[in-house]
Amino acid sequence: DGGITQSPKYLFRKEGQNVTLSCEQNLNHDAMYWYRQDPGQGLRLIYYSQIVNDFQKGDIAEGYSVSREKKESFPLTVTSAQKNPTAFYLCASSINRKVADTQYFGPGTRLTVL
Amino acid sequence: EDKVVQSPLSLVVHEGDTVTLNCSYEVTNFRSLLWYKQEKKAPTFLFMLTSSGIEKKSGRLSSILDKKELFSILNITATQTGDSAVYLCAVIHGSSNTGKLIFGQGTTLQVKP
Chain A
58 DGGITQSPKY LFRKEGQNVT LSCEQNLNHD AMYWYRQDPG QGLRLIYYSQ IVNDFQKGDI
118 AEGYSVSREK KESFPLTVTS AQKNPTAFYL CASSINRKVA DTQYFGPGTR LTVL
Chain B
3 EDKVVQSPLS LVVHEGDTVT LNCSYEVTNF RSLLWYKQEK KAPTFLFMLT SSGIEKKSGR
63 LSSILDKKEL FSILNITATQ TGDSAVYLCA VIHGSSNTGK LIFGQGTTLQ VKP
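Line by line, the protein sequences give chains A and B.
All residue numbers for the first sequence refer to our numbering, where the first residue is 58 and numbers rise by one.
All residue numbers for the second sequence refer to our numbering, where the first residue is 3 and numbers rise by one.
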């Protein structure tokens, strides 16, 4: 089946630890995105990548890092520098970086910092 | 500052009612507006609107965009309990080809039997 997968579904982390969230897509989409969702605030863009080996900061990139070594993979690392990491993280992808394409979302990872 | 505002933030109706959800926006270089439905996890795509005045329709759901007044509405007729969800509005904007989205806060719809 084609789609976007994220793992793990739930993640618990102690303060001071880095943690990496996985996002994989087999849709052959060029562009991939990471969002954070907090109650009452909608989705906010963390990082996005329009092509392999290139990525750009979104609106709330501080405390996060990404890599795009393969077209189908866009992992997000939540570092200890992120002050309030507990949130629901959504990965998305779109077909083409050159047009305003619809973004399709993965099932999300809920991160809780203990 | 670019922003997308949805109203109401929450809504409770009974099955069979018709609801209208609102989304207003102020962004530079508007390109398209999207509606998503989010039940428990991933938002699922409903509509993409690019042109003013052209209604998009899918079953009991419909949506229209007004680029002059900078808003969109999402209508759901004959609501069912399965329509209960958070409805997200997002705007694609920007001068570069980024496809960046700005999301509204979402409208939480609860449909009671």
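The beta-carbon is built from N, C-alpha and C at its ideal position, and this holds for glycine as well.
All figures in this text were calculated on a predicted structure; none of them were measured in a lab.
Proximity of chain A to Gly108(B) at the Cβ level (cut-off 7 Å) is accounted for by Gly99, in chain order.
Judged by DSSP in its simplified three-state form, Thr20(B) adopts coil rather than helix or strand. With a cutoff of 8 Å on beta-carbon distance, Tyr105(A) and Lys58(B) are scored as not near each other. DSSP, read as helix, strand or coil, puts Thr83(B) in helix.
Considering only Gly115(A), Val76(A), Cys80(A), the residue with the shortest C-alpha distance to Leu147(A) is Cys80(A). The C-beta separation of Leu48(B) from Leu35(B) comes to about 11 Å, leaving the pair out of contact by the 8 Å criterion.
Bounds of the beta strand (DSSP E) holding Lys114(B) are 109 to 114. By the neighbour-count criterion, in which a residue is buried when 16 or more other Cβ atoms sit within 10 angstroms of its Cβ, His16(B) is exposed. Taken through DSSP and simplified to helix, strand or coil, Lys5(B) comes out as strand. Taking the Cβ atoms as the reference, Gly18(B) lies roughly 6 Å from Ala80(B), within the contact range of under 8 Å.
The continuous beta strand (DSSP E) containing Phe105(B) extends over residues 102 to 105. The beta carbon of Arg101(A) lies closer than 7 Å to those of Tyr92, Arg93, Asp116, Ile117 in the same chain, with the five residues before and after it left out. With respect to chain A, the C-beta atom of Phe73(B) has no partner C-beta closer than 8 Å. Beyond the five residues adjoining it in sequence on each side, Asp4(B) comes within less than 7 Å, by CB distance, of Glu28, Val29, Thr30, His95, Ile104 in the same chain, given in chain order.
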